[in-house]
Each structure stands twice: as C-alpha cells, then as structure tokens.
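Visitor: Residue numbers (this note's numbering): 1 to 155. The beta carbon of each residue, even a glycine, is placed where N, CA and C say it ideally should be. These figures come from a predicted structure and were not determined experimentally.
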Amino acid sequence: MSLEITLQKPDVLDIKNMQDLVLKDVENGNILERNSSEIATTIRSYVIAKHDNKIVGFAALHIHTDELAEIRSLVVDENLRGQGVGKKLINSCIDEAKELKLIRILVLTYQAKLFSSFGFDIIEKESIPETKIWADCIKCKHFPICDEIALMKVL
Numbered sequence: 001m002s003l004e005i006t007l008q009k010p011d012v013l014d015i016k017n018m019q020d021l022v023l024k025d026v027e028n029g030n031i032l033e034r035n036s037s038e039i040a041t042t043i044r045s046y047v048i049a050k051h052d053n054k055i056v057g058f059a060a061l062h063i064h065t066d067e068l069a070e071i072r073s074l075v076v077d078e079n080l081r082g083q084g085v086g087k088k089l090i091n092s093c094i095d096e097a098k099e100l101k102l103i104r105i106l107v108l109t110y111q112a113k114l115f116s117s118f119g120f121d122i123i124e125k126e127s128i129p130e131t132k133i134w135a136d137c138i139k140c141k142h143f144p145i146c147d148e149i150a151l152m153k154v155l
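#1: Can you tell which of K54, M18, V47, D52 has its C-alpha closest to the C-alpha of H62?
#2: Would you check if the distance between the CB atom of E74 and the CB atom of L89 is smaller than 9 Å?
#3: Around the C-beta of K98, are 16 or more other C-beta atoms found within 10 angstroms, so that it is buried, or is it exposed?
#4: Return the Cβ separation of I5 and M18 in integer angstroms, given the expectation that the two are a contact with Cβ distance under 8 Å.
#5: Suppose the cutoff is 8 Å on Cβ atoms and the five residues either side in sequence are ignored; what does the same chain contact list for N30 look like?
#6: Can you name, in chain order, every residue of its own chain whose Cβ lies under 7 Å from the Cβ of D77, other than the five neighbours on each side?
#7: Is K9 helix, strand or coil by DSSP?
#8: Tell me where the beta strand (DSSP E) around I149 begins and ends.
The following block contains the structure:
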C-alpha cells in the first residue's frame, strides 16, 4: 500500500509544526536551526509534505544566483522515512528549479546515495560559493570541520 502524500506550499501558520518536525535533526546537527523569522522570510522557498492533514516532511529550494539553487532543510518524519516522502520533496524542488530556468542545484547532505539516485554528482566543497559558506555554514555546530557531502546536479 502506497503512502498518500500531498505536497503544497506552506503558510506562516505551518512554521511551528515545521520547527517541531525538524527539532531532533537540528539538535543532532544534521540540519541548521532556522528561527521563526528566518523561516517566515523564506517561506516561499519551502514545500511541505502532508499525510492525514499532518506535516510529515519538508524541503526548501533556496536560490543563490541566477544559475544556482540549493536544496536544503530536507526532513521527513522519522516514522515515515524510506517510504518515498523525501523523494517526492526532492522531485518537487528539482521541478521548481527547472521552471525557474536555473542551471545547477547544490546540496550538502549526509544522504549522498539518495541524491545520487537523482543524478547529483559529488563535488569538492571548495567549489561551493563563498556566499553560501558565510551565510549558512558559519552557523553550523560543525563549522569549520564539515562532514557533509557536497553534490551538484546540472539541469
């Protein structure tokens, strides 16, 4: 039986539920913490996955330049991982990037195998734009010793 998932854009009333869903991954350092204001100012970049009218996952397509975007903050409810929710979110972000006529999508992740299945290739972290490093990476509890894997997909 396939899990019934709907994807949609969130509204600001979803922010608290999004923060609750990602809390454990923030605490263990897998995802950067985003306060309510940060999420609110970038709310349009997110897509949420719902099951039984409950948010069970989300991801954001963050645009860095007129050529480059990044999939970030991908999270799926622990109880539903491995059931295709993450794949639907990734596909949604890739489709949006194509609609926006972007050329490349970046991801920093611990799930390289998952992203490789979508045609992402491992890249050297040194090729990541400095704006990304100073805007986001510097906030990470692992900075400057990053153990995530950088991947890029050319559209």
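Guide: Taking the coordinates as given:
#1: Within the sequence shown, residue 62 is the residue found at index 62, counting from 1. Considering only alpha carbons, the answer is V47.
#2: As a working mapping, residue 74 is identified with position 74 in the sequence shown. As a working mapping, residue 89 is identified with position 89 in the sequence shown. What sits at residue 74 in the sequence shown is Leu, not Glu. Cβ atoms of L74 and L89: closer than 9 Å.
#3: What you label residue 98 is simply residue 98 of the sequence shown in a count that begins at 1. A residue is called buried once 16 or more other Cβ atoms fall within 10 Å of its Cβ, and K98, having fewer, is exposed.
#4: Indexing the sequence shown from 1 puts residue 5 at position 5. Indexing the sequence shown from 1 puts residue 18 at position 18. Actually they are not in contact, since the Cβ atoms of I5 and M18 sit about 16 Å apart, beyond 8 Å.
#5: In the sequence shown, counting from the first residue as 1, residue 30 sits at position 30. Y110.
#6: As a position in the sequence shown, residue 77 is number 77, starting the count at 1. L21, V56, G57, listed in sequence order.
#7: Here residue 9 refers to the residue found at position 9 when the sequence shown is read from its first residue. Three-state DSSP puts K9 in coil, outside helix and strand.
#8: By 1-based counting over the sequence shown, the position of residue 149 is 149. Where I149 is concerned, the enclosing beta strand (DSSP E) stretches over 149–154.
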